[in-house]
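Undergrad: Pasting in a structure now, in structure tokens, and then I'll have a few things to ask.
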Amino acid sequence: MSSAGIQGVAGSPAVAGKARSDFRRVIVFSVVALAVIGVAPYVLDTFMVNSLIRGFLYAAVALTVDVLWGYTGVLTFGQSAFFGIGAYAAGLIFTHVGFSLGYAALALAAGVVAAIVVAGIIGWLSFYHGASPLYASVVSLVLPIVLTQVIYTGGEFTGSSSGLSGFESFDVSMELWFWVAGGYLVLLTAGAWLFVRSDAGRILIAIRDNEPRCEYLGINASRVKILLLTAGAVVAAIAGYAFACAQMVVAPEYTGFVFGTELVIWVALGGRGTLLGPVIGTLLIDTSTSYLSGNLPFYWKLIIGLAFVIVIVAIPKGLMPLIGGLFGRRRGEATVEVPTLVEAAATPFAGLEGAGRLAVELKGVRRHYGSLKVLEGIDFSVKRGELLSLVGPNGAGKTTLMRCLSDGYERSGGSIHINDHDAARLPPHRIVGFGIGRKFQTANAFDTLTVAESLRIARTRIAGPAFFSREATLALPKAALQVIRATGLDAVMGVEAKHLSHGMKQALELAMVLSLEPSVLLLDEPTAGLTKPERTMIGTILTDLVRDHGLCILLVEHDLDFVREISSRVIVLHQGRIVLDGTVAEVVESELVRTIYSGGLHAPAKP
Amino acid sequence: MIATLLDIVTSAAILYAVAAGLLIVFGVMKIINFAHGGFLTIGGYSALAVTKLGWNPWASLVFATGIGFVAGMIIERLVVKPLYSRPLDAILATWGLGIIIGQLITIAFGREVQFVQSPMSGAIEFAGASYSSYRLVLVLAATVIGVGIAALLQKTRLGLVTRAVIMNEDLARGLGINSGLVRFFTFSLGAALASLAGALITPLSSVDPNMGVPWLVNAFMLVLVSGVSFMSLLVATVVFGGAQVLVSTYVSPVLGGLTIVVAAAVLMRVRPQGFSRE
Numbered sequence: 130m131s132s133a134g135i136q137g138v139a140g141s142p143a144v145a146g147k148a149r150s151d152f153r154r155v156i157v158f159s160v161v162a163l164a165v166i167g168v169a170p171y172v173l174d175t176f177m178v179n180s181l182i183r184g185f186l187y188a189a190v191a192l193t194v195d196v197l198w199g200y201t202g203v204l205t206f207g208q209s210a211f212f213g214i215g216a217y218a219a220g221l222i223f224t225h226v227g228f229s230l231g232y233a234a235l236a237l238a239a240g241v242v243a244a245i246v247v248a249g250i251i252g253w254l255s256f257y258h259g260a261s262p263l264y265a266s267v268v269s270l271v272l273p274i275v276l277t278q279v280i281y282t283g284g285e286f287t288g289s290s291s292g293l294s295g296f297e298s299f300d301v302s303m304e305l306w307f308w309v310a311g312g313y314l315v316l317l318t319a320g321a322w323l324f325v326r327s328d329a330g331r332i333l334i335a336i337r338d339n340e341p342r343c344e345y346l347g348i349n350a351s352r353v354k355i356l357l358l359t360a361g362a363v364v365a366a367i368a369g370y371a372f373a374c375a376q377m378v379v380a381p382e383y384t385g386f387v388f389g390t391e392l393v394i395w396v397a398l399g400g401r402g403t404l405l406g407p408v409i410g411t412l413l414i415d416t417s418t419s420y421l422s423g424n425l426p427f428y429w430k431l432i433i434g435l436a437f438v439i440v441i442v443a444i445p446k447g448l449m450p451l452i453g454g455l456f457g458r459r460r461g462e463a464t465v466e467v468p469t470l471v472e473a474a475a476t477p478f479a480g481l482e483g484a485g486r487l488a489v490e491l492k493g494v495r496r497h498y499g500s501l502k503v504l505e506g507i508d509f510s511v512k513r514g515e516l517l518s519l520v521g522p523n524g525a526g527k528t529t530l531m532r533c534l535s536d537g538y539e540r541s542g543g544s545i546h547i548n549d550h551d552a553a554r555l556p557p558h559r560i561v562g563f564g565i566g567r568k569f570q571t572a573n574a575f576d577t578l579t580v581a582e583s584l585r586i587a588r589t590r591i592a593g594p595a596f597f598s599r600e601a602t603l604a605l606p607k608a609a610l611q612v613i614r615a616t617g618l619d620a621v622m623g624v625e626a627k628h629l630s631h632g633m634k635q636a637l638e639l640a641m642v643l644s645l646e647p648s649v650l651l652l653d654e655p656t657a658g659l660t661k662p663e664r665t666m667i668g669t670i671l672t673d674l675v676r677d678h679g680l681c682i683l684l685v686e687h688d689l690d691f692v693r694e695i696s697s698r699v700i701v702l703h704q705g706r707i708v709l710d711g712t713v714a715e716v717v718e719s720e721l722v723r724t725i726y727s728g729g730l731h732a733p734a735k736p
Numbered sequence: 028m029i030a031t032l033l034d035i036v037t038s039a040a041i042l043y044a045v046a047a048g049l050l051i052v053f054g055v056m057k058i059i060n061f062a063h064g065g066f067l068t069i070g071g072y073s074a075l076a077v078t079k080l081g082w083n084p085w086a087s088l089v090f091a092t093g094i095g096f097v098a099g100m101i102i103e104r105l106v107v108k109p110l111y112s113r114p115l116d117a118i119l120a121t122w123g124l125g126i127i128i129g130q131l132i133t134i135a136f137g138r139e140v141q142f143v144q145s146p147m148s149g150a151i152e153f154a155g156a157s158y159s160s161y162r163l164v165l166v167l168a169a170t171v172i173g174v175g176i177a178a179l180l181q182k183t184r185l186g187l188v189t190r191a192v193i194m195n196e197d198l199a200r201g202l203g204i205n206s207g208l209v210r211f212f213t214f215s216l217g218a219a220l221a222s223l224a225g226a227l228i229t230p231l232s233s234v235d236p237n238m239g240v241p242w243l244v245n246a247f248m249l250v251l252v253s254g255v256s257f258m259s260l261l262v263a264t265v266v267f268g269g270a271q272v273l274v275s276t277y278v279s280p281v282l283g284g285l286t287i288v289v290a291a292a293v294l295m296r297v298r299p300q301g302f303s304r305e
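One line per chain: the protein sequences are A and B, in this order. Residue numbers for the first sequence follow our numbering, beginning at 130 and rising by one. Residue numbers for the second sequence follow our numbering, beginning at 28 and rising by one.
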């Protein structure tokens with residue numbers, strides 16, 4: 130986060146201390162782990178050392194599966210393919226070109242670049258606005274299948290089904306490979322541990338909990354996932370390269386989807402979303418496999434399969450949290466860190482040239498579902514400083530209109546401009562960039578994030594997160610702070626959002642949307658389920674925002690008293706059309722509105 | 028030319044028979060049953076058991092269907108039911124089941140490739156070309172399966188209830204429909220259909236403990252591009268099955284094997300609703 134945006138005093142010592150102790154824990158853990166790895170080859174037998182080299186490299190790939198699946202919710206069967214790409218880069222170049230230090234570096238570079246290119250293509254295929262998580266899993270399954278077939282067709286060049294072996298490689302001892310692979314795994318685990326606990330790491334969890342909401346908070350979730358996949362691909366490719374160099378053999382199985390699913394099994398058994406669980410799970414299962422598969426070949430695989438099914442059904446979090454619970458590792462969780470709230474410098478129209486001529490402009494907007502016309506011929510424009518209420522009976526198209534305003538894919542026809550920017554066919558995170566902030570009817574943003582974390586997610590677009598640490602302060606715009614203080618949210622900053630009362634959840638949603646510093650605020654029933662004093666307070670905040678900051682607010686509301694108190698203008702929707710557009714007084718006195726609300730009018734009438 | 032055309036028709040029929048059970052489970056339960064390949068394998072080995080017992084090869088169809096149905100009933104209660112609310116976990120658990128089925132079969136029958144007696148052999152003259160008569164029988168079998176499912180869904184009370192659950196499970200439950208029972212029956216039916224398909228296809232090739240996997244992947248892609256419509260599935264199997272045959276015949280068999288997965292993945296990227304009409 131840039132410190133330029135922070136006006137208040139910096140950091141509470143408690144948080145800074147906690148963050149430091151995190152860092153210290155990682156250092157201590159890494160040093161201990163590296164020391165154990167340093168000594169191990171002198172204690173263990175050759176077979177074990179050899180197994181563990183492979184186990185370390187597999188575990189590095191399992192880590193990428195855990196970050197993608199456990200933390201971000203992207204179930205992937207395809208990380209084996211990237212491992213295979215790295216391995217084949219080494220195998221192919223050492224076999225067909227030869228081995229030297231220069232060629233070794235070239236092979237590594239080729240493997241990494243190939244992995245990046247493939248990950249980019251797979252990411253583009255898998256992650257786009259509106260893609261289903263199932264589809265991404267499907268593509269991740271297709272990748273290793275295709276790759277394996279490509280290797281089979283390669284004939285002598287790729288060694289087909291028997292792979293490549295007997296090529297020259299680094300002339301170093303097995304101990305050195307043990308240290309290299311072990312060191313790689315420890316560094317990766319430490320880095321991943323810091324990353325997932327950092328402010329940026331919370332974004333992954335936000336995407337897992339509620340990806341659409343991330344989009345509406347201006348976060349390009351697809352891009353985050355593509356970047357993550359690419360980083361995971363590079364990690365896996367390097368592991369595969371090291372594997373090929375150390376074992377001097379590559380085979381199609383190392384790219385295949387059976388290996389890809391094994392990685393998922395190891396992660397699930399160890400405990401998804403724990404990092405250490407998958408590492409330990411992989412090391413234990415892989416070394417056990419090399420010992421036991423000789424003695425009980427079919428039964429061992431059967432046992433793994435059974436254990437996997439039982440864990441998925443009965444212990445979905447895996448074995449790590451169970452073991453952690455036994456040792457009382459949970460004590461650290463009692464003190465949840467809470468950042469200090471400070472006021473951020475106002476950055477209205479962040480990323481825009483300035484305020485538009487009109488805040489919102491709709492021309493001929495239509496929305497059809499098949500032959501059902503939910504919206505038809507919607508034309509209106511709103512200036513800055515207007516508080517426009519959309520009213521109408523259920524099914525009039527109010528929420529659909531909100532959806533069209535915040536997502537360029539939603540409407541069937543017509544044009545929408547936000548601050549003079551064409552909404553075109555743009556996804557929500559781009560439209561947020563034009564100044565839209567949308568508060569949803571249902572308040573259920575991110576279940577497993579705390580109030581403070583949720584608010585920081587909402588600031589991502591403007592402030593940008595820290596990648597390997599946590600900020601000690603949370604800078605929010607004035608309006609958001611007002612809501613937080615008036616509703617008492619500041620007292621529960623460390624509480625997970627799912628534990629809040631309904632009213633508090635609504636307040637948090639509003640504070641999150643205000644944290645985006647929108648210039649056009651869309652509110653879908655902001656007062657639903659709130660008490661009278663809470664309603665009055667929200668009404669005051671909204672009118673203040675319009676008056677002091679020139680915001681444009683569009684409000685969908687059923688409570689007509691609330692509408693009357695705060696609106697400067699009202700649009701009445703009925704059966705997908707605008708039937709009235711005027712001041713509060715005009716609408717209140719309208720016979721038409723009374724008829725509509727009493728259910729007397731069925732055919733759309735001309736205003 | 029005629030032979031290629033017949034290849035397309037019979038390939039589409041085989042794909043349809045294999046994918047139908049997966050589609051009905053996906054439609055009702057909104058989960059992809061990765062144990063489908065395992066059920067297919069069960070069907071293949073049921074046919075092998077019939078051969079080994081010296082029964083009439085046609086009996087394998089009934090036998091496989093029954094075994095598949097029972098296996099489906101057991102697995103639905105033990106594994107699938109607890110995962111209704113976790114669809115991605117259901118994929119994983121059913122994948123694990125596939126591994127377990129494969130290993131149990133390996134332990135019982137051995138891991139080697141084995142051959143099943145075909146119910147009928149020989150070729151018949153068809154439009155001037157000589158063609159495997161068993162492959163033509165498969166077209167008939169796929170038609171029977173397709174018509175049977177359609178009749179079940181359209182003409183019976185169970186079908187009506189099932190369609191209600193497919194369209195809106197919450198509403199159906201609110202109307203007093205026991206959706207748990209619908210799911211139970213659907214999963215068992217899906218397993219039975221997979222097993223039947225396994226028994227149907229084994230005379231064309233052979234059985235081995237992993238025979239279900241390549242079929243699973245293709246069937247899975249076909250289901251995803253079909254939405255929850257059996258008509259769309261028919262279109263998808265004809266188009267993709269046809270593409271597979273053409274690529275295998277005129278380009279390369281290996282690429283032919285990849286045609287369905289790659290084409291389906293790309294199709295879904297550019298047209299997420301696939302072959303269904305939105």
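Ideal Cβ positions, reconstructed from N, Cα and C, are used throughout, including at glycine.
Going by C-alpha to C-alpha distance, which of A/R706, A/L530, A/L314, A/D690 sits closest to A/E713?
TA: The sequence shown places Val at residue 713 of chain A, not Glu. When only C-alpha atoms are compared, the closest one is A/D690.
Undergrad: Hey, how far is the Cα of A/I565 from the Cα of A/G543?
TA: 19 Å
Undergrad: Quick check: is any heavy atom of the ligand GTP less than 8 Å from the C-beta of B/I58?
TA: The ligand GTP is absent from the structure shown, which contains no ligand whatsoever.
Undergrad: What are the start and end residues of the alpha helix (DSSP H) that includes A/D653?
TA: That residue, A/D653, is in no alpha helix (DSSP H); its beta strand (DSSP E) goes 649-653.
Undergrad: For a test of the three-state rule: what should DSSP assign to B/A246, helix, strand or coil?
TA: If DSSP states are grouped into helix, strand and coil, B/A246 belongs with the helices.
Undergrad: Quick one: give me the first and last residue of the beta strand (DSSP E) that A/E694 is part of.
TA: Not the beta strand (DSSP E): A/E694 falls in the alpha helix (DSSP H), residues 689-695.
Undergrad: Give the secondary structure of A/Y257 by DSSP, where H, G and I count as helix, E and B as strand, and everything else as coil.
TA: Here A/Y257 sits in coil by DSSP.
Undergrad: Please state the DSSP three-state secondary structure of A/T469.
TA: strand
Undergrad: With DSSP collapsed to three states, give me the class of A/P733.
TA: Note that A/P733 scores a pLDDT of 48, beneath 50, so its modelled location is shaky; the value from the coordinates is reported in the next line. Coil at A/P733, not helix or strand.
Undergrad: Can you check DSSP and say which residues form a bridge with A/S150?
TA: Paired residues: none, contrary to the question.
Undergrad: State the Cα-Cα distance for the pair A/V268 and A/E694, rounded to the nearest angstrom.
TA: 53 Å
Undergrad: Grab the span of the beta strand (DSSP E) containing B/V164 for me, first residue to last.
TA: Taken as a continuous stretch (DSSP letters only), B/V164 belongs to no beta strand (DSSP E), being part of the alpha helix (DSSP H) at 160-182.
Undergrad: Mind checking B/Q300: buried by the 16 CB within 10 Å criterion, or exposed?
TA: exposed
Undergrad: Between the alpha carbons of A/E654 and A/L504, how many angstroms are there, rounded?
TA: 19 Å
Undergrad: Taking only beta-carbon positions, decide if B/A366 is within less than 9 Å of chain A.
TA: Outside the shown range of chain B, which is 28 to 305, sits residue 366 of chain B, and nothing can be said about it.
Undergrad: Roughly how many angstroms separate the alpha carbons of A/E600 and B/V192, rounded to a whole number?
TA: 48 Å
Undergrad: Identify whether A/V520 lies in helix, strand or coil by the three-state DSSP scheme.
TA: strand
Undergrad: According to DSSP, simplified to helix, strand and coil, what is A/A640?
TA: DSSP places A/A640 within a helical segment (H, G or I) once states are collapsed to three.
Undergrad: Could you name the residues of chain A that B/L119 contacts, counting a contact when the two beta carbons are closer than 9 Å?
TA: L204, T390, V393, I394, A397, F437, V438, I441
Undergrad: Tell me the rounded alpha-carbon separation between A/M303 and A/I166.
TA: 13 Å
Undergrad: Starting from the C-beta of A/Y187, find all residues in its chain whose C-beta is less than 6 Å away, skip the five residues before and the five after it, and write them out in chain order.
TA: T411, D415, listed in sequence order.
Undergrad: Please report the residue range of the beta strand (DSSP E) in which B/F153 lies.
TA: 150-153
Undergrad: Considering just the uninterrupted stretch of the beta strand (DSSP E) at A/T602, what are its terminal residues?
TA: In this chain, the beta strand (DSSP E) harbouring A/T602 covers 602-605.
Undergrad: What residues are listed by DSSP as bridge partners for B/V234?
TA: B/Q141
Undergrad: Can you grab the Cα-Cα spacing for the pair B/V272 / A/P594, in whole Å?
TA: 52 Å
Undergrad: Should A/D174 go down as buried or exposed, given a rule of 16 or more other Cβ atoms within 10 Å for buried?
TA: The residue is exposed, with fewer than 16 neighbouring Cβ atoms inside 10 Å.
Undergrad: Identify every residue that forms a DSSP beta bridge with A/V489.
TA: A/V511, A/I547
Undergrad: Roughly how many angstroms lie between the CA atoms of A/A350 and A/A310, to the nearest whole one?
TA: 32 Å
Undergrad: Would you say B/T133 reaches chain A, if we count a Cβ-Cβ gap shorter than 9 Å as a contact?
TA: Contacts with chain A at 9 Å (Cβ-Cβ) include B/T133.
Undergrad: From B/N237 to B/V140, what distance separates their C-alpha atoms?
TA: 10 Å
Undergrad: According to DSSP, B/A226 sits in a beta bridge with which residue or residues?
TA: Answer is none; B/A226 lacks a bridge partner.
Undergrad: Considering Cα atoms alone, identify which of A/L192, A/V242, A/V155, A/R326 is closest to A/S598.
TA: Nearest of A/L192, A/V242, A/V155, A/R326 to A/S598, Cα basis: A/R326.
Undergrad: Run through DSSP, which three-state label would A/T390 get?
TA: In the three-state scheme derived from DSSP, where H, G and I count as helix and E and B as strand, A/T390 is classed as helix.
Undergrad: Where does A/R459 land, buried or exposed, given buried means 16+ other C-beta within 10 angstroms?
TA: The pLDDT assigned to A/R459 is 47, lower than 50, so where the model puts this residue is not dependable, and the model offers no usable value.
Undergrad: Is B/A263 close to chain A? Criterion is C-beta to C-beta, closer than 9 Å.
TA: no
Undergrad: Ends of the beta strand (DSSP E) at A/H225?
TA: In this chain, A/H225 is not harboured by any beta strand (DSSP E); it is covered by the alpha helix (DSSP H) spanning 208-225.
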